[in-house]
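Student:
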C-alpha cells in the first residue's frame, strides 16, 4: 500500500510538472505568436500609413491590438490553469480512492490476523486441554496400578 501511495504521489508530481511545462510551452508559443503578430501588424500599419497618407491614428490602433493580445494571453492562461485544476481534482479523487482501498485492505488484514490469532489461541488451549487429559489419564492409571499393588500386598499378607 505504501508503494501505491508513493506511486500516486509520484504520478501527481509528474502531472503537476507536465502541467507547468505545458504552461511554459504555451507561453513561449504565445510570445512567439504575439511577436510575429506585432511584426505583421507593424508592417501592415506602415503599409496602411503609406497608402492612406497618415489619415489613421497608429498609436491608438497599436494600443487596441496590444490590449487584444493581452486579453487573449490571459484567456489562454486561464484555460490552461482550468485544465491543470481539473487534472488535480481527478488526481485527488484517485488518491482518495487509493487511500480508501488501502484502509479497506488494512481492515481486511487486521480481521484476518485477528481470526488467525484466535484460531491459534483456540488450538493452543485445545492442545493444553488434551495434554491435561492425558496427564490425568496417566496419573489415574498409575494410581490404579499402585492401588492394585497395595491391595495385592494386603491380600497376600505382607
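Numbering (the numbering used here), first residue to last: 29 to 186.
Note that the Cβ used here is the ideal one computed from N, Cα and C, for glycine as well.
In three-state terms, what does DSSP make of residue 176?
Tutor: Helix, per DSSP.
Student: Using a threshold of 8 Å, state whether the C-beta atoms of residue 108 and residue 51 are closer than that.
Tutor: A contact, by the Cβ cut-off of 8 Å.
Student: Tell me whether the beta-carbon of residue 87 lies closer than 8 Å to the beta-carbon of residue 73.
Tutor: Not closer than 8 Å, so no.
Student: Give the secondary structure of residue 29 by DSSP, where H, G and I count as helix, E and B as strand, and everything else as coil.
Tutor: Residue state, collapsed to three classes: coil.
Student: The ligand ZN heavy atoms versus the CB of residue 33: any closer than 7 Å?
Tutor: Questions concerning the ligand ZN fall outside what the structure shown contains, since it holds no ligand whatsoever.
Student: Hey, would you say residue 93 sits closer than 8 Å to residue 69, going by beta carbons?
Tutor: A contact, by the Cβ cut-off of 8 Å.
Student: Taking the alpha-carbon positions, what's the residue 131 to residue 123 distance?
Tutor: Their backbone Cα atoms lie some 12 Å apart in a straight line.
Student: Rounded to a whole number of angstroms, what is the C-alpha to C-alpha distance between residue 170 and residue 155?
Tutor: Approximately 22 Å, taken between the alpha carbons.
Student: Among residues of its own chain, excluding the 5 on either side of residue 40, which ones have a beta-carbon nearer than 6 Å to its beta-carbon?
Tutor: The answer, listed in chain order, is 119.
Student: If you measure between the beta carbons of residue 47 and residue 115, is that distance less than 8 Å?
Tutor: Cβ distance < 8 Å, so residue 47 and residue 115 count as in contact.
Student: Does the distance from the C-beta atom of residue 133 to that of residue 29 stay below 8 Å?
Tutor: Contact: yes.
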